[in-house]
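J.: For reference, the structure I am asking about is given below.
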Amino acid sequence: MEGIAVVGVDCLFPGVQGAPAYWDLLMRRGEVTGAVPEDRWRAEEFPGVSRGGFAADIDVFDHGFFAVPPREAAAMDPHQRMLLQCAWRAIEDSGTAPSALAGSDTGVFVGVMGGEWGRLTMSDSRWVTPQLGAGSSAGMIANRVSYHLDLGGPSLAVDTACSSSLVAVHLAVNSLLSGECDTALAAGVNLVLSPALGLVYEQMGLAAPDGRCKPFSTDADGIGRGDGVAVVVLRRLADALADGSRVYAVIRGTAVNQDGRSNGVTAPSRWSQQKVLEAAYRRAGVTADQVRFVEAHGTGTVLGDAIECAALGSVHGVEREQPCAIGSVKGNLGHTEGAAGIVGLVKAALALHHRIVPASLFADRENPRLRLAERGLRLLRSPLRLPRGESFAGVSSFGMGGTNAHAVLASAPRTPVVRSPAGPAARTGSTAHAGSTASTGPAGGAPAAGVFTLTADSPAGLRRNLVAQAAALRARPRGPVASLCWSSAHVKTGLSHRYAVTARDTRELAEVLERAAASGGEGVGRPRSWSVPTVAFLFTGQGGEYPGMTAGLYRESRAYRWHLDAADTALAPHTGHSVRELILSGDHRIGSTRHAQPALFAVGYALAATFAELGVRPSAVLGHGVGEYAAAVAAGALGLGDAARLVAARGALMAELPPDGAMPAVSGAFHSGVPAPVLPHLRDAARGLRAERPQVPFASTRHGRMLREEPLDADYWVAQAAEPVLFGDALSALIRESGPTHLLELGPRPQLPPPAGKAGAAHGAEFLHPCPGPEATGRDLAEVVARLYTAGLDPDWATLYTPEDRRIEPLAPYVFDPERRFREERPAAVAAVADRMPGPVDASAGAAPGADSVRALRAEADPVLAAVVAAVHEVGGYPEGTVGPATRLYEDLGFDSVMIMQLKDRIEARLPRPAEVSIPEMLPALRSVAALTGFLTDHLAAAGTPAA
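Quick note, my numbering runs 183 ahead of the 1-based positions in the sequence shown.
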């Protein structure tokens, strides 16, 4: 079959968060067995089943991140809560921002067994609520992920007992192969919430007294239960390689079968286990002797281990160079039941990724009755290093009811190193400044600058994640950050609060992030604007030129090099020399009008084209003097060739003026109305000009206003050369009519902000400049991009990075809020989440949810608003002070149709009669608390009912 790539992984086990920590546990032969936490059950009541692998903090859930109301979060099965966060981190680990999958056909396949949460919360009918109904459904475990991440592919939970999650992998693989989805999340989740299943194991003689699984050991005496959550992100191998994704391992084949009528519905079948292995190997196109190791089911029960080893030996007991290594992670973690299959698959994928198989925890106590050696099998007493080339592994998972699954994994294929093509400068024949298209560091070999981005759902979330990213950077050797910045732009994006900073190496970046996190929120990040920034381009006129201008930017920015070369090519036939060489060489002739005007045009054009390539489209343009030619090109009114011809002629004509009073002596004083002798020649040069109407608003410094229907034809350019520059008037018109959030000056150094300030035209717009002077480099360009990103722009990041740096590197996973807990203790906790419909409520009563807000709002004499806020607080169970007039019910609070029904009843109970409204009437007003309040106020007025 076609290979399926494992491109993302996340997991959570006792004392283990994430794949690196899991791998560390495996390599140091760690194990996590301990006593049951006090918040699960009382150990003294169930002493035989009160040890196992129990994860801490399963009651912690960042409900605000997923816009889940507190009351709903409290009603949700912890399986749902833990999986949501794990799924988010797994997608990040795949090199994709979870928000990028929104609306896609991504599928979610989850293995889970049992329904302990439902038994704990729904057994007393007095406390049954819609939230508990959805919160206790096993099917909702997968559906929650699809809903909150907006994934449109198949979404289903699978329960085949202990093989559930490997069966989920099998279904996900087939969904990808059929084209039903392009990305799939396969997962398993198991949390030991009660002793019930442990008691079943105990009565069947399957429970280990010490709560430890000891697979294939002479000490094996039963099952120890364990918590575990694991998610893998799967893609077709060809797609993953085409996108440059990191591939942990490749799933080459999977198979699922059933025992049928065996010795009992819960008894394993050697023959069925043998057949499922053989079917998986056939589908994968491998033979048993090629499989280096098998991650076995290996529960540590005497009968189960014996039957599994017999089945493995029947398949692997063939002529081979070395025995097939077997092991079971249940010795480290306990039996994670519905999650067991994917927990083993992640172990196998990591082993193939690191090219080393961890040793088995109980190999030094191998059970001789299993006859491993004669069956072609062995336990690893020390890690096994895999040879070069492709290696294969198997993963088994068997369900108590006889559903068996096996998967065959292979190591990832080697990928070629990306090389930069020859750059545009090389193709133009330049020697002094030729080079690759890659962005390079400044002279002296320092690495290129990048923009490191981070987003979070709140300022507090941003600070948490700044700390996490800084710590991860501190753990790395000092080195370039460009590829890390590229990764951040593709993984750490999509949330409401944005942060961006430039850096060249990991140490510098870590220090900047630490300072930002320690600032207490001052100036750290911005809430994302729901509209992109409006950026006006302002082009510098004569007087800003200097020898070597933009040389640092040319050296470091591929895009700027390309576009300056294009301007040079357009100008060369008219200037008779390379303007680019004159600009970059430090030639002092750049100060003369003949050379300054074409050079300034080339720089302005190249900067504008660079920003256009970055995705910055001007909301309006304005040029000062000769800068108006580059503005006309940026606006689509002039072609590059026509503008280059006019600018070159303009500069040459001005240089020919005699110094006899026909023009002031200072080179560059052009708009004086004096150079009448050159105007006919300029008109001749403009003859045949193909002028178009500007495609973006154009502020004319000739007219001192926005252009209307006037063409930028020969008459315009001749008059523009002779008449005064009305810059202040033009800028005021631009600000007034296009309302930019940012003014981006495009020239070799800042010149326009002072006159803009004098004109009183800025009106709060932020000035930006990618080339602040002779020391400017690619970092200055990157800093402008960073500012625009935090303002809401989504740049085309490829323009900023070299092909070598456009690769995904691992970043620290998102850190969710660790403080909010939803601990359930019956019956009080269940009562706390109950949403039984109340009768009329005194909104001023101190016990009412949101009472403090109600009193504050009453002081403002708005009883309708007070009633709405109190009702919203009660329905969602939100903390005091979180709901106000601007709060959005859907986006901020996560309201759904059930909550809308409950809200309607609670509002009606608080308002004077008759205040009944229908849901269809309310729906348009549910944008925000204020909108709903306004609707209800009007409704009461129309009914002739006073609000108070």
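Each residue gets a CB set at the ideal place from its N, CA and C atoms; glycine is no exception.
In this text the structure is predicted, and so the values were computed from the model without any measurement.
Between the beta-carbon of V192 and the beta-carbon of D276, is there less than 8 Å?
T.: Cβ distance < 8 Å, so V192 and D276 count as in contact.
J.: Going by beta carbon distance, what residues of the same chain come within less than 8 Å of S358, once the five residues before and after it are set aside?
T.: Counting only Cβ-Cβ distances below 8 Å, and skipping sequence neighbours, we find G290, F292, G336, P337, C364, A367.
J.: Tell me the DSSP secondary structure of V861 in three-state form.
T.: Three-state result, V861: helix.
J.: Which of the three DSSP states is assigned to R741 in this structure?
T.: Three-state result, R741: helix.
J.: Quick one: what's M889 bridged to in DSSP?
T.: Answer is A882, bridged to M889.
J.: Would you call the CB atoms of P398 and D488 closer than 8 Å?
T.: Yes, the Cβ-Cβ distance between P398 and D488 is below 8 Å.
J.: Taking A351 as the reference, give the member of R681, A522, R657 with the closest Cα.
T.: Comparing Cα positions, the closest option is A522.
J.: Let me know if R833 comes out buried or exposed under the rule of 16 or more other beta-carbons within 10 Å of its beta-carbon.
T.: Buried, by the Cβ-count rule.
J.: Just the Cα atoms here: how many angstroms apart are F249 and F720?
T.: Rounded to the nearest angstrom, the two C-alpha atoms are 39 Å apart.
J.: Three Cβ pairs or more, each shorter than 8 Å: is that satisfied between the region 680–688 and the region 635–648?
T.: A contact exists between the region 680–688 and the region 635–648.
J.: Tell me the rounded alpha-carbon separation between A621 and G362.
T.: Low per-residue confidence applies at A621: pLDDT is 41, beneath 50, and the placement is therefore not dependable enough to give any value.
J.: Check whether the region 421–441 touches the region 583–591, counting contact only when three or more Cβ pairs, one atom from each stretch, lie closer than 8 Å.
T.: Segments in contact, yes.
J.: Nearest-angstrom Cα distance between G1068 and A904?
T.: It is worth fixing the name first, because residue 1068 is Pro in this sequence and not Gly. Distance between the alpha carbons of P1068 and A904: 56 Å.
J.: Using beta-carbon positions only, say whether P261 and I274 come within less than 8 Å of one another.
T.: In this structure, I274 does not lie closer than 8 Å to P261 by Cβ.
J.: Pick helix, strand or coil for P756, following the three-state DSSP scheme.
T.: Three-state DSSP puts P756 in a helix.
J.: From the DSSP secondary-structure annotation, give me the bridge partner or partners of Y682.
T.: L637, per the DSSP bridge assignment.
J.: Going residue by residue through the region 307–354, where are the continuous beta strand (DSSP E) segments of at least 3 residues, counting only ones entirely within it?
T.: You should have 338–341.
J.: As a quick exercise: from V1081, L1115, V1066, pick the residue whose alpha carbon is nearest that of D1075.
T.: Among V1081, L1115, V1066, the Cα nearest to that of D1075 is on V1066.
J.: So is G201 buried or exposed if we call it buried at 16+ other beta carbons inside 10 Å?
T.: Per the 10 Å Cβ criterion, buried.
J.: Report all residues from its chain with a CB closer than 6 Å to the CB of L821; omit the five preceding and five following residues, and keep chain order.
T.: Answer for L821: A815, listed in chain order.
J.: Could you pull the start and end residues of the beta strand (DSSP E) that R646 belongs to?
T.: Where R646 is concerned, there is no enclosing beta strand (DSSP E), although the alpha helix (DSSP H) it sits in stretches over 642–657.
J.: Taking G559 and C507 to be in contact with their CB atoms under 8 Å, please state how far apart those CB atoms are, rounded to whole angstroms.
T.: Between C507 and G559 the Cβ distance is about 6 Å, and since that is below 8 Å, they are a contact.
J.: In its own chain, which residues sit with a C-beta less than 6 Å from the C-beta of D988, not counting the 5 before and 5 after it?
T.: Within the same chain, D988 has close Cβ partners A665, S666, W669.
J.: For L562, which residues in the same chain have their Cβ closer than 8 Å to its Cβ, ignoring the five residues on either side in sequence?
T.: Result list for L562: F399, A508, I509, G510, S543, F545, A546, E549, L555, in chain order.
J.: Flag this pair as yes or no: are the beta carbons of I1102 and H673 separated by less than 8 Å?
T.: Taking 8 Å as the Cβ cut-off, I1102 and H673 do not qualify as a contacting pair.
J.: Could you pull out every residue in the same chain whose Cβ sits closer than 6 Å to the Cβ of R264, ignoring the five residues on either side in sequence?
T.: Cβ neighbours of R264 beyond the five flanking positions: F244.
J.: How is C507 classed by DSSP in three states: helix, strand or coil?
T.: Strand at C507.
J.: Can you name the start and end residues of the alpha helix (DSSP H) that V243 belongs to?
T.: From DSSP, V243 is part of no alpha helix (DSSP H); its letter is neither H nor E.
J.: Who are the Cβ neighbours of P551 in its own chain at under 8 Å, not counting the five residues just before and after it?
T.: If we look at P551 and ignore the five residues flanking it on each side, its Cβ neighbours are T401.
J.: So, for E255: in the same chain, excluding its five sequence neighbours on each side, which residues have a beta-carbon less than 6 Å away from its beta-carbon?
T.: Q314.
J.: Going by beta-carbon coordinates alone, are Q456 and F575 separated by less than 8 Å?
T.: Result no, Cβ atoms of Q456 and F575 do not sit closer than 8 Å.
J.: I'd like the list of long-range same chain contacts for V830, defined as Cβ closer than 6 Å, with 5 residues on each side in sequence excluded.
T.: Answer for V830: Q780, P781, F784, Y812, listed in chain order.
J.: Comparing C-alpha positions only, which one of L208, N373, T312 sits nearest to A238?
T.: Here the closest residue by C-alpha is N373.
J.: Should Q268 go down as buried or exposed, given a rule of 16 or more other Cβ atoms within 10 Å for buried?
T.: Q268 should be labelled buried.
J.: Leaving out five residues on either side along the sequence, give the residues of the same chain with a beta carbon under 8 Å from the beta carbon of Y384.
T.: Taken in chain order, the residues that qualify are V232, A390, G405, I406, R408.
J.: Mapping DSSP to helix, strand and coil, what is P801?
T.: P801 falls in the strand class under three-state DSSP.
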